[in-house]
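For reference, the structure discussed in these notes is given below.
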Amino acid sequence: MEKAKVKVADPCANLDESGKAKCTTMVIQGGEYKTFLTRKFETKKPFMLPNPKEIKSFLPGTILEIKVKTGAKVKTGETLLVFEAMKMHNMLKAPFDGTIKAIHVKVSDKIPNGALLVEFA
């Protein structure tokens, strides 16, 4: 019996209905890897660097206290506001020296994760 010669097709050469490649090739430390692209990858929002002048909530919670006013000059580490999240009081501190441009919350506000709290000038 004679052995058949089989040529394995490159999966990255195949295109989907829209003409896009179904996979991509990566080279990591000299090794070549092929990975298939999923719908989750295609619909993923592109990464955007956060604006360093905007302070956003990192947890949902309730604003308990606001310690600064618009226009105030603050120093690194100074407490800007206090909010309760997961039954804990969290102090939001200034990440750098600066001037407060706007405060986007008031005491008793319920804030979702990612809400804009304080803006620096």
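full-length UniProt numbering puts the first residue of the sequence shown at 1, with every later residue one more than the last.
Every residue gets a Cβ at the ideal spot worked out from N, C-alpha and C, and that includes glycine.
Secondary structure of residue i, DSSP reduced to three states
i           : result
Glu78       : coil
Thr43       : helix
Val6        : Residue placement at Val6 is poorly supported in this model, since its pLDDT is 46, which falls under 50; the coordinates are not used for a value here.
Gly30       : coil
residue 124 : This structure cannot settle anything about residue 124, because the visible part of the chain is limited to 1 through 121.
Ala121      : coil
Selected residue, minimal CA-CA separation from residue i, among the options
i      : options                      : result
Pro95  : Thr35, Thr79, Lys101, Val105 : Thr79
Lys106 : Gly77, Thr70, Phe47          : Thr70
Leu59  : Phe120, Leu92, Phe36         : Leu92
Ala72  : Lys53, Val27, Thr62, Ala102  : Ala102
Lys75  : Met86, Phe47, Thr62, Phe120  : Phe120
Val118 : Ser108, His104, Lys44        : His104
Ser18  : Met26, Arg39, Gly30, His89   : Arg39
Val68  : Gly98, Lys44, Lys87          : Gly98
Bridge partner(s) assigned by DSSP for residue i
i      : result
Gly98  : Val74
Lys110 : Thr62
Cβ-Cβ separation, residue j to residue i (assumed contact under 8 Å), whole Å
i     : j      : result
Ser57 : Ile111 : 5 Å
(message) Is it the case that the segment 83 to 90 contacts the segment 54 to 68, given that we only count it when at least three CB pairs across the two stretches are under 8 Å?
(response) yes
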